[in-house]
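First to last, the sequence lines map onto chains A and B.
Per this note's numbering, the first sequence starts with residue 1, numbered consecutively.
Per this note's numbering, the second sequence starts with residue 1001, numbered consecutively.
Glycine residues also receive a C-beta, built at the ideal position from the N, C-alpha and C atoms.
Treat the numbers as computed from the prediction; the structure is a model and nothing was measured.
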Amino acid sequence: EAGVAQSPRYKIIEKRQSVAFWCNPISGHATLYWYQQILGQGPKLLIQFQNNGVVDDSQLPKDRFSAERLKGVDSTLKIQPAKLEDSAVYLCASRGERKTQYFGPGTRLLVL
Amino acid sequence: GNSVTQMEGPVTLSEEAFLTINCTYTATGYPSLFWYVQYPGEGLQLLLKATKADDKGSNKGFEATYRKETTSFHLEKGSVQVSDSAVYFCALLYNSNYKLTFGKGTLLTVNP
C-alpha cells in the first residue's frame, strides 16, 4: 500500500512570495490533515478535512494560509504572502476508519 | 485543554543502554496515546499506541504502558541501537474529534 505522498520535499522562497504544497493521502482515507512543525517543536494541526469538507481550521492563519481538497482526495496548502516565521516543515497526514494517522515525508520550507 | 509533556532532550546513550523517555499528559476523558518516531529528513512514523488504561503498546523492542493513575505513557527500550537515533514524539488523540496533540519531541542519539 502506497503511503502519503507530498511534494515538493524542499522549497526556498523570499518573504512576501507565495508557495503551494501538495498532498496525496493513502487511497481510501477520508480524513486528511495538514500540520506545521517548527524546528524543535511538535507538529501543530493547521486544518483537518473530512472528504472535501473542512472539519477544523481553528489554528489556520486565514489571512495568509488557505487549503483545499476539492475532490476529496488530494489537497493543496497555500501560503500567500509568506513570512519569515512560516519557515517550518509542513506535514500531511491521512486517516482511514481507525484512529491511526499516517504521515507523509513533509515539505521543508525556508523563507528568506 | 489537552496537552502532552515530554522529557527534554537531547538524550545521548551508548549502544545497548536502557532507554526511558518520559511522557505525561493532561486530557479530559480517556484519550488514546501514541509514540511517533521521526528519523532525520523524514516524516513521522507510528511506533506504538495504546487505546485504554493499562494497555501496553510495543514495537521493534520499544514498549509503553498507558497509566491512567499517573497520566503517563513512558517509552522504554531495553537495549538501544545506533539505528534508533531519531526524534521521538508522544501524542494523545482525543477520541471525540480524532485530533492529535503532540509533545515537543525528544532527540535521541545512540553512539556505537
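Self-check item: Per-residue burial, Pro-8/A [other beta carbons within 10 Å of its own, 16 or more giving buried]
Solution: If you number the first sequence from 1, residue 8/A lands on position 8. So Pro-8/A ends up on the exposed side.
Exercise. State the CB to CB distance for the pair Leu-1107/B and Val-1011/B, rounded to an integer number of angstroms; the pair is presumed to be in contact (CB under 8 Å).
Key: Against the second sequence, residue 1107/B aligns to sequence position 107. Against the second sequence, residue 1011/B aligns to sequence position 11. Yes, they are in contact, since the Cβ atoms of Leu-1107/B and Val-1011/B sit about 7 Å apart, within 8 Å.
Practice problem: Can you give me the Cβ contacts of Glu-85/A inside the same chain, cut-off strictly under 7 Å, excluding the 5 residues immediately before and after it? | Solution: As a first step, residue 85/A is located in the first sequence; it is residue number 85 there, counting from the start. Nothing meets the Cβ criterion.
Quiz item: In chain order, which beta strand (DSSP E) runs of at least 3 residues are fully inside the segment 1049-1079 of chain B?
Solution: 1056-1059, 1062-1065, 1075-1077
Practice problem: Say yes only if the C-beta of Asn-1002/B is nearer than 8 Å to one or more non-hydrogen atoms of the ligand ADP, and no if none qualify. | Solution: No copy of the ligand ADP appears in this structure; indeed no ligand is present at all.
Self-check item: Test: Gly-53/A CB closer than 9 Å to a CB of chain B
Solution: To locate residue 53/A, count along the first sequence from 1; it is residue 53. No, no contact with chain B.
Quiz item: Along chain A, which residues have their Cβ under 7 Å away from the Cβ of Glu-1042/B?
Solution: Working through the second sequence from its first residue, we reach residue 1042/B at position 42. Near Glu-1042/B (Cβ distances below 7 Å), the residues of chain A are Pro-105.
Self-check item: Nearest-angstrom beta carbon gap, Ser-1003/B and Tyr-1036/B [assumed within contact, 8 Å]
Solution: Looking up residue 1036/B in the second sequence gives position 36. Looking up residue 1003/B in the second sequence gives position 3. The pair is not a contact, with the Cβ atoms about 16 Å apart (cut-off 8 Å).
Quiz item: According to DSSP, which residues form a beta bridge with Ser-1083/B?
Solution: In the second sequence, residue 1083/B corresponds to position 83, counting from 1. Paired residue(s): none; Ser-1083/B is not in a bridge.
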